[in-house]
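Each remark here refers to the structure printed beneath this line.
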Amino acid sequence: MAEYVHFTDEQKQRANSVDLVDFLRRQGEQLIRSGREWRWKRHDSVTIRGNRWFRHSAGQGGLAIDFVQEFYGLSFPDAVTLLLGGEQGMAFRQSDKKVPEAERKEFILPEAADNMRRVYAYLLKQRYIDRDVLTHFVREKKIYEDKEYHNVVFVGYDENGTARHAHKRGTYSNAAGYRGNVEGSDPKYSFNYIGTSSILYVFEAPIDMLSFITLHKNGWQQHSYVALDGVAEHAMLHVLSKNMHIKNVVLCLDHDPAGIEASRRFTDILHEKGYAYISYLQPACKDWNEDLKAQHGITPIPAKPHPKLEACKELCGEIRYLCSHIKSVKNPHEMLMEHYEKAVPLMQSSRSTDRQKAVLMEQLLSMAV
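Numbering (the UniProt record's numbering), first residue to last: 1 to 369.
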């Protein structure tokens with residue numbers, strides 16, 4: 001029988017309370033001061049404050065035990081032991097009985113309908129997708145209509161031409177649109193198109209991608225496009241890893257808080273992987289299909305600005321005004337401190353990017369000059 005190590009709640013609490021700055025310095029690591037936080041030089045997307053850490057490129061964080069497990073590759077008992085300076089827990093024998101692992105569902109494409117009347121009617125008349133664009137993807141067998149529910153099925157293939165992912169979208173206009181991935185889909189292989197140019201356009205959903213192509217149809221087949229089916233980066237990174245000619249990434253996510261946060265997170269991830277040419281294209285409305293519908297006289301769903309970014313813009317505007325009137329301010333240092341205190345919550349937000357923080361600090365420091 002195997003053994004497992006038991007630590008008391010008190011031991012686990014002490015381990016999780018270890019100051020990570022002191023811990024890393026004892027390991028010979030270098031840290032850089034960043035406001036009230038510290039940035040780990042070896043992993044510059046990681047910020048640390050006391051016993052807490054956050055990895056901005058992955059959108060994850062936690063306490064000291066999680067940190068040691070994540071970055072030092074240790075098991076939970078070994079991580080606790082290291083943090084407690086060698087103090088060990090009690091070893092117990094573990095039963096040999098194994099808990100069965102959940103079986104991964106086999107990926108099977110839904111059976112196709114005899115025709116695509118429902119899909120064409122939905123995408124052309126309700127979503128206003130260009131007929132030539134739609135027909136191109138149909139001929140590539142990347143879009144079809146399923147037999148049972150008449151959903152649109154968006155198919156993603158691997159490098160060998162084998163279907164590995166399918167996203168279904170309901171076509172009934174009198175009900176909330178059904179959306180979901182076929183069981184067993186591999187998220188790396190979502191709906192995409194690969195062209196010959198150096199540009200990759202990234203979207204949240206297949207219909208967003210088709211809408212953008214419809215809006216920018218001229219020469220569209222030169223470029224590459226990927227729909228993530230959400231705001232996870234797996235498919236984007238896989239396309240980049242398999243297509244070395246792509247150097248420029250254009251993030252075209254939804255104009256709402258989730259899309260804005262994901263764009264900033266993707267930027268950190270891409271910079272960490274060495275991609276220098278990253279840009280943004282935001283729809284004027286909530287997403288690209290809403291922009292397309294607006295062109296056809298349909299009232300669109302409006303964009304939803306990110307409240308913290310709006311607050312950041314307002315704060316920067318105030319600081320710029322103060323900078324231009326600094327000589328007339330009676331107590332400039334007090335005013336600087338007041339605006340710094342306003343900026344701190346935005347700068348410490350796990351969703352604020354390094355670039356946003358740098359802009360704030362640059363504006364604040366300019367007042368002190």
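Ideal Cβ positions, reconstructed from N, Cα and C, are used throughout, including at glycine. Because the structure is a prediction, the values reported are computed rather than measured.
- Its Cα nearest to that of TYR178, the residue LYS168 stands out among LYS168, ASP186, ARG131 and PRO77.
- Its Cα nearest to that of ARG117, the residue LYS147 stands out among GLU106, LYS147, VAL133 and GLU140.
- From the listed residues ASN192, LYS125, ILE194 and LEU251, the smallest Cα separation to HIS296 is found for LYS125.
- The continuous alpha helix (DSSP H) containing THR214 extends over residues 206 to 215.
- Here ILE246 is buried: its Cβ has 16 or more other Cβ atoms, across all protein chains shown, within 10 Å.
- Runs of the alpha helix (DSSP H) lying entirely within the UniProt domain "DUF3991" (121 to 195), each at least 4 residues long, are 131 to 139 in chain order.
- If you look at GLY62, you'll find it in the beta strand (DSSP E) that goes 60 to 62.
- At a Cβ-Cβ threshold of 8 Å, VAL226 and ASN192 count as neighbours.
- In this structure, DSSP gives VAL18 a state outside helix and strand, which the three-state scheme calls coil.
- Excluding sequence positions up to five before and after LEU134, its CB lies within less than 6 Å of the CB of LEU123, all in the same chain and listed in chain order.
- Closest in alpha carbon position to GLY230, among SER224, LEU215, PRO110 and ILE207, is ILE207.
- Burial check for MET244: the Cβ neighbour count within 10 Å stays below 16, so the residue is exposed.
- Residue pairing by DSSP puts SER279 in a beta bridge opposite VAL250.
- The three-state reading of DSSP puts THR47 in strand, counting E and B together.
- By a beta-carbon distance limit of 8 Å, LEU200 contacts VAL239. Their separation comes to about 6 Å.
- Selection TYR72, SER75, LEU74 and VAL46 evaluated against GLY61 yields VAL46 as nearest (Cα-Cα).
- Excluding its 5 nearest sequence neighbours in each direction, ARG164 has C-beta neighbours in its own chain below 8 Å: PHE107, GLY156, TYR157, ASP158, SER185, ASP186, LYS188 and TYR189, listed in chain order.
- Comparing C-alpha distances from ALA232 to each of GLY85, ILE260, GLY35 and LYS217 shows the shortest one belongs to ILE260.
- The beta-carbon separation of VAL249 and VAL202, rounded to 6 Å, stays under the 8 Å limit for a contact.
- Leaving aside the five residues that flank HIS306 on each side, the residues in its chain whose CB is nearer than 6 Å to its CB run, in chain order, PRO257 and ILE260.
- TRP53: member of the beta strand (DSSP E) spanning 52 to 55, first to last residue.
- PRO302 sits in a strand when the DSSP states are folded into three classes.
- One Cα belongs to ASP287, the other to LEU84, and the distance between them is close to 50 Å.
- Rounded to whole angstroms, the gap between the alpha carbons of LEU251 and LYS293 is 21 Å.
- If you draw a 10 Å sphere on the C-beta of TYR144, you find 16 or more other C-beta atoms in it, and that means buried.
- Contact fails between the region 26 to 33 and the region 4 to 18, because fewer than three Cβ pairs, one in each stretch, are under 8 Å apart.
- Here ILE108 carries a coil assignment [DSSP, helix/strand/coil].
- Residue pairing of ARG39 in beta bridges, as defined by DSSP: ILE32 and THR47.
- Spatial neighbours of ARG39 in its own chain (CB-CB distance under 6 Å, excluding positions within 5 residues in sequence) are listed in chain order as ILE32 and THR47.
- In the structure shown, ALA232 adopts coil according to DSSP, grouped into three states.
- When DSSP states are grouped into helix, strand and coil, SER75 belongs to the coil group.
- About 15 Å separates the CB atoms of LEU237 and GLU204; that is not less than 8 Å, and the two are not in contact.
- Inclusion of PRO283 and GLU290 in the CB contact set at 8 Å is warranted, their separation being smaller than that value.
- In the displayed model, PHE7 falls within coil according to three-state DSSP, outside both helix and strand.
- Secondary structure of LEU200 (DSSP, three-state): strand.
- Residue burial is scored here from C-beta neighbours: ALA262 has at least 16 other C-beta atoms within 10 angstroms and is therefore classed as buried.
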